[in-house]
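Since the structure comes first, as structure tokens, the remarks are kept for the end.
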Amino acid sequence: MVADKVQPHFNSKNSLSPPENKKGNQNLSDLFKSGVSLMGLKLLQTIQAEKFAGLSGEIQFIDRQLKSNTYKIVNLLGGSGRTIGYWTPKVGFSKSLNQNNMQKHYSVDDDDLANVTWPGGSKVTPKAMTLTIGVPYKTGFKEFMNVSRDKKNNSWKCENMQQFDAVVGDVTIIADRTRYVEFSQSYTNTGVHMIIRNENLTDRPWWFLGSWSKDLWFTTIAFFLSTGFAVWIFEKGKNPEFQGTLSQQLGKYLSFSFSISVFAHKEKLESNYSRFIVSLWSFAVYILMGCFIANLTSMLTVKNLQIDRVTGFVGYQNGSFVHDLLIKDLGYHPSKLIKLSTTQEYADALRNKSVSAIYDEIPYTKVFLAQYCSEFTIAGPIYPAGGFGF
């Protein structure tokens, strides 16, 4: 809208154009090499001089600052309305915008507005309605809603089967609940995460052997030995480096077999068959080493991302809808579910392995991991949920 108002002030000769580059480089995104537009000052002056009506009211700049908006307060009655006052950021409520009212102190008092006509034509303010507000009572996760009792004033009381006019706190928006109540817009991230122990693979001896299966390890070792044996057969009759006592030949055979994957062998091959076999096996070794490194990298980086469910017992927050999610959507048997309440119970259950994983909503998992980020981590996909709402 500002651009539409400013554009008529610039003709074809004074059109807005990108700043000239100091070094002739056409990369306009390089701010350190770009110059200053010659039209910048005129553009600033034009914007400051404009005054027009926008979506939020009058738009005008005074001393390079946006002029404070003034809101008209309207008393709606039937199909018409009448102005009963104004609100400005400087003085708050006022009956008019004259100079005297603009000098008073900030006010939010209803007396600074004209009389309000209520439905039915009455000018008497109706008696205020007392609303009962419900809040979730939980023993854990008090970061979202901490319910406490004022013993001096005895300010709250909760009883079973009590009806509430509104509920505030960490209340999840789910489809079944929308049949009975209306929710506000969600104010948190949505979804359910799985929390597991943060197992460090490097703490286990020979952890890197998990990069390949046992069958692949045995097959690779067999090919190493067979390649060395084939070279020894072709070389032992004509190559003096492969001759000697039985123990010397055995040592030469084994060292030659496994040295191919690490460094170039020092023995000079005499047979063309041996050269051909070694060339093919060297090419195969390079491929195997590439696969080994790739698998090892994936073990250390994306292992947790591939977990979609676990075996054994799983935990969930007591009273949460996640209980039904685990049974209906993820297929867990009710006997495999263990209810937990606090972050301390979460940590203890995972440490002593009474549960293999814990499912909970994203806001709760963030609170938990903020306390135990070094021991536990998030794994698997995000299961959709509605988030928190009022």
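With the first letter of the sequence shown counted as 1, position 273 gets the number 529 in our numbering; the numbers rise by one all the way through. Heads up, the beta-carbon is just placed ideally off N, CA and C, and yes, glycines get one too.
Going by CA-CA distance only, name the one from the options that's closest to residue i.
| i | options | result |
| --- | --- | --- |
| residue 568 | 467, 501 and 614 | 614 |
| residue 364 | 377, 335 and 350 | 350 |
| residue 515 | 477, 547 and 470 | 477 |
| residue 352 | 346, 336, 471 and 369 | 369 |
| residue 637 | 608, 617, 534 and 396 | 617 |
| residue 626 | 599, 338, 446 and 300 | 599 |
| residue 604 | 300, 628 and 545 | 628 |
| residue 496 | 621, 503 and 524 | 524 |
| residue 621 | 307, 590 and 396 | 396 |
| residue 481 | 503, 493 and 508 | 508 |
| residue 630 | 337, 607 and 645 | 607 |
| residue 610 | 591, 570, 581 and 435 | 570 |
| residue 344 | 544, 354, 388 and 503 | 354 |
| residue 619 | 446, 338, 299 and 386 | 446 |
| residue 376 | 356, 333, 535 and 584 | 333 |
| residue 249 | 635, 585 and 479 | Residue numbering for the chain in the displayed model covers 257 to 646; residue 249 lies beyond these limits and cannot be assessed. |
Hey, residue i and residue j: beta-carbon distance below 7 Å or not?
| i | j | result |
| --- | --- | --- |
| residue 348 | residue 362 | yes |
| residue 454 | residue 633 | yes |
| residue 602 | residue 448 | no |
| residue 642 | residue 430 | yes |
| residue 390 | residue 423 | yes |
| residue 331 | residue 373 | yes |
| residue 566 | residue 612 | yes |
| residue 537 | residue 475 | no |
| residue 439 | residue 645 | yes |
| residue 526 | residue 492 | no |
Can you round the beta-carbon distance between residue i and residue j to whole angstroms, since I take them to be within the 8 Å contact cut?
| i | j | result |
| --- | --- | --- |
| residue 379 | residue 371 | 5 Å |
| residue 451 | residue 624 | 7 Å |
| residue 551 | residue 473 | Not a contact, Cβ separation roughly 12 Å. |
| residue 505 | residue 498 | 7 Å |
Tell me whether the stretch 526–535 and the stretch 484–500 touch, counting them as touching only if at least three CB pairs, one residue from each stretch, are closer than 8 Å.
The way I'd put it, the stretch 526–535 does touch the stretch 484–500; three or more beta-carbon pairs between them come closer than 8 Å.
Threshold first: 4 residues or longer. Then list the alpha helix (DSSP H) segments lying entirely within the stretch 348–396, N to C.
Here no run is fully enclosed.
Quick check: the stretch 594–611 against the stretch 569–583, are at least 3 beta-carbon pairs closer than 8 Å?
yes
Does the stretch 544–555 come into contact with the stretch 464–476, if we say contact requires no fewer than three beta-carbon pairs (one atom in each stretch) closer than 8 Å?
Segment contact: the stretch 544–555 against the stretch 464–476, three or more CB-CB distances shorter than 8 Å; contact assigned.
Considering only residues of the stretch 585–637, which uninterrupted alpha helix (DSSP H) runs meet the minimum length of 4 residues and lie entirely inside it, listed in chain order?
599–607 and 618–627
Which runs of the alpha helix (DSSP H) at least 4 residues long sit entirely within the stretch 429–510? Give them in chain order.
470–491
What runs of the beta strand (DSSP E), each 3 residues or longer, lie entirely inside the stretch 523–562?
none
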